[in-house]
Amino acid sequence: MDLDKIVIKEFEKRKQKFKAFDKEQFRAQIIKRVIEDYHDNFDLLVRTRKVNRPLIKFLQKIGEIVYKYKHVPYIAIKTSDREGRDLLKHFYEDKDSTLIKEYRNQINLLSLIDVASNYRIEPGEKTTVAKSVLEEELWNLSMIGAYYAQRVSQGEGVNVAIIDTGVDYNHKELKDNFGLNKGYDFVRGTKDPFDYNGHGTHVAGTIAGRNTGIAYKSRLFALRILDENGFGSEFNLIKALEYCIDNEIDLINMSLGSQYASTALEEICNLASKKAILVAAAGNEGKYLPEYPAAFGDSVISVAAINENKQHSYFSNLHETVDICAPGEMIYSSIPNNKYDSYSGTSMATPHITGSLALALSITKDPSFLEEIMKSSAEKLNQEFDFPKEYAFGFGLIRVDKIIGKIKNVAYKKHKRLFKKLMQL
Amino acid sequence: MVEEVNPEKDENERKDEKEDLDSIIENHEQIYIRLESKDELTTNELYLKIHRDLLEKYDSQIEVYRLRTIDGMLLDYSRLSYEERKQVSEYLTQISEAENLELIVEGLNPIKYQ
């Protein structure tokens, strides 16, 4: 049986377990930890079958509605007062109370109330609950096969540099991915690469976020070269690439670019590509345009964006140097101060490639054939254009599950030969 | 011995190069410079001299970064006036001419997040 089939089978088993778990233990957790312990603040994610005015009024009694998700049927609620908790207590403990009878119609519209991931419960259980909600929400990770691939690899031992606006290394999604050396701030010339914009933290969340990311055990280095407005120059980009060459970085994510480039930048990208894999954004002008460093050709993987329907994103640049594409619209990820948000751009597509390659590098430290495997296992996309579709998609949509499957196959074949040789001795 | 890279550079060529340099100084606040020679030792010494001379003259007004992995230096003279920038480029031209090395100057471009 091939690896893909084994992974899918295990995943299905796990999903079954989640369902059973959700119904019984989940309710007990809510009562014990939220209702009885009375935490000061907690956030809820409410899944609804339908949203109407009476339901909104009911939910407002539980707490403040802070967000209604666009792509999934969830509403986020911040509860802070006792009245809201009491209502929940009735809801869970006393199903025959008059209060619950009064709101029966509204309650029937709710299919699940889940605690958002900042709620403090036992680590194992918390991960299970939070992940079950996020798996439905993060269509981008499902689309590239990240959840399957994570069963085999989580990116251990891979050093990833994020050349961007910095990263909030204290974010709960990312704090475990940083060591003592967090990277460098080339804008201010300090060793503290904190993010004052949000872009870099979002990118980092997709690469390695505990719930929002792909290679969540990889080690991150934040190299801040873009200021709080998202602007920088080749001057600091070249310096950051030199840092990567000196610090044994395996993968370099550059969700940035310019339509112009110096030969100095090209030269250092060529050199860096001998020691690491460079991944960059194809650009957001939505036209036939080169964007550097992505458009340098062989030394850098150029990434275009697609939407949830696997269609070319209207803003994603078209160019013959585009190598691959990934989800880049309404990507949900971390932003500074333990918050989350959805961003769009080829910047958001790029970390999907970086994260995927980190999973692959973690199980094969040999990057020489990795780019070829990535291209050959990409999912071909079809859309009518009046230009070659490779300009929009490159080799197609990255499929990290297939990359991991192929690497495992290669490894197995290698061992098979070795085993046969040993038997002949 | 330093090898002459382009000994027969004519006047027109020098004029074109000067115009290019002026345009770079006018349009870029950060530049990349490289001295072309096959004698690595001499160019290394020259880079050190340039670094020392520029910091001595402009102190914190200029940032000079010697690249370790590729040949050349980065200069950030965004805090200098246009006249001062011209002085820097004239100084660089003089050094390259005195040592008979070719001076490559490139403007560095702004980049932004995507």
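As you go down the protein sequences, you meet chains D and Z in turn. Number 62 in the numbering used here belongs to position 62 of the first sequence; there are no gaps in the numbering. Number 439 in the numbering used here belongs to position 14 of the second sequence; there are no gaps in the numbering. Glycine included, every Cβ here is placed at the ideal spot set by N, Cα and C. Here the structure is a predicted model, which means the values were calculated and not measured.
One question on the structure: do D:F178 and D:Y169 come within less than 8 Å of each other, judged by their Cβ atoms? yes
Per DSSP, D:K339 is paired with what? D:I335
Given that a residue counts as buried once 16 or more other Cβ atoms are within 10 Å of its Cβ, and exposed if not, what is D:Q311? By the beta-carbon neighbour count (other beta carbons within 10 angstroms, threshold 16), D:Q311 is exposed.
What separation, rounded to the nearest whole angstrom, lies between the Cα atoms of D:G328 and Z:Y457? Rounded to the nearest angstrom, the two C-alpha atoms are 34 Å apart.
Burial state of Z:A523 (16 or more Cβ within 10 Å): exposed
If Z:N525 and D:S258 are in contact, beta carbons under 8 Å, what's the gap, nearest whole angstrom? Actually they are not in contact, since the Cβ atoms of Z:N525 and D:S258 sit about 34 Å apart, beyond 8 Å.
In the region 240-271 of chain D, which residues sit with their C-beta less than 7 Å from some C-beta in chain Z, listed in chain order? E242, I245, S255, L256, G257, S258, Y260, A261, S262, T263, A264, E267, I268 and L271
Which value, in whole angstroms, describes the spacing of the CA atoms of D:K408 and Z:I520? 57 Å
Quick one: does Z:T468 have its CB under 8 Å from some CB of chain D? For Z:T468, no CB of chain D lies under 8 Å from its own CB, so it is not counted at the interface with that chain.
Using the beta-carbon count (16 or more within 10 Å), is Z:L466 buried or exposed? exposed
Applying the 10 Å Cβ sphere with the 16-neighbour rule, what's the burial state of D:G189? exposed
Can you name, in chain order, every residue of its own chain whose Cβ lies under 7 Å from the Cβ of D:I335, other than the five neighbours on each side? G198, T201, H202 and D341
Just mark Z:T468 as buried or exposed, buried being the case when its beta carbon has 16 or more other beta carbons within 10 Å. With 16 or more other Cβ atoms from the protein chains shown falling within 10 Å of its own Cβ, Z:T468 counts as buried.
How many Å lie between D:K380 and D:G396 at the Cα? 5 Å
Is D:S347 close to chain Z? Criterion is C-beta to C-beta, closer than 8 Å. yes
Restricting to Cα atoms, I'd like to know which of D:A204, D:D401 and D:E242 is closest to D:A222. Considering only alpha carbons, the answer is D:A204.
7 Å Cβ shell around D:N270 - same chain, five flanking residues per side excluded: Result list for D:N270: S299, in chain order.
Alpha-carbon spacing of D:V51 relative to D:I77, whole angstroms: 14 Å
Indicate the three-state DSSP secondary structure (helix, strand or coil) for D:M330 in the structure shown. Note: D:M330 maps to coil in three-state DSSP.
Per DSSP, which residues does Z:G532 bridge with? Please list them. Z:G532 is bridged to Z:I456.
For D:F393, the first and last residue of its enclosing beta strand (DSSP E): No beta strand (DSSP E) contains D:F393, which is instead part of the alpha helix (DSSP H) from E390 to F393.
Is D:N309 near the ligand GTP - that is, is its Cβ less than 7 Å away from at least one heavy atom of it? You won't find the ligand GTP in this model; it holds no ligand whatsoever.
When the Cα of D:K217 is compared with those of D:V152, D:C325 and D:R104, which residue comes out closest? D:V152
Can you tell me whether D:K402 is buried or exposed? The criterion is at least 16 other CB atoms within 10 Å of its CB, across all chains shown. buried
The alpha helix (DSSP H) that contains D:E242, what's its start and end? E234 to D246
Give me the Cα-Cα distance between D:W139 and D:E64, rounded to the nearest whole angstrom. 26 Å
For Z:D441, three-class secondary structure by DSSP: Residue state, collapsed to three classes: helix.
Reducing DSSP to helix, strand and coil, say where D:N159 ends up. strand
Give me the chain D residues within the contact set of Z:E465, using Cβ-Cβ distance strictly less than 8 Å, ordered along the chain. None at all; the shortest Cβ gap to chain D is about 16 Å.
Exposure of D:T263, with buried meaning 16 or more beta-carbon neighbours within 10 Å: exposed
Quick check: the Cα distance between D:P290 and D:G405, rounded to an integer number of angstroms? 33 Å
What residue range does the beta strand (DSSP E) around D:A280 cover? I277 to A281
Which residue's Cα is closest to the Cα of D:N337: D:R219, D:K172 and D:A294? D:K172
When the cut-off is 8 Å and only beta carbons count, does D:F296 lie next to chain Z? no
Is it a yes or a no for the region 278-286 of chain D touching the region 348-358 of chain D, going by three-plus beta-carbon pairs under 8 Å? Result yes; three or more Cβ-Cβ pairs closer than 8 Å.
Taking CB distances under 8 Å as the criterion, tell me whether D:L278 reaches chain Z. no
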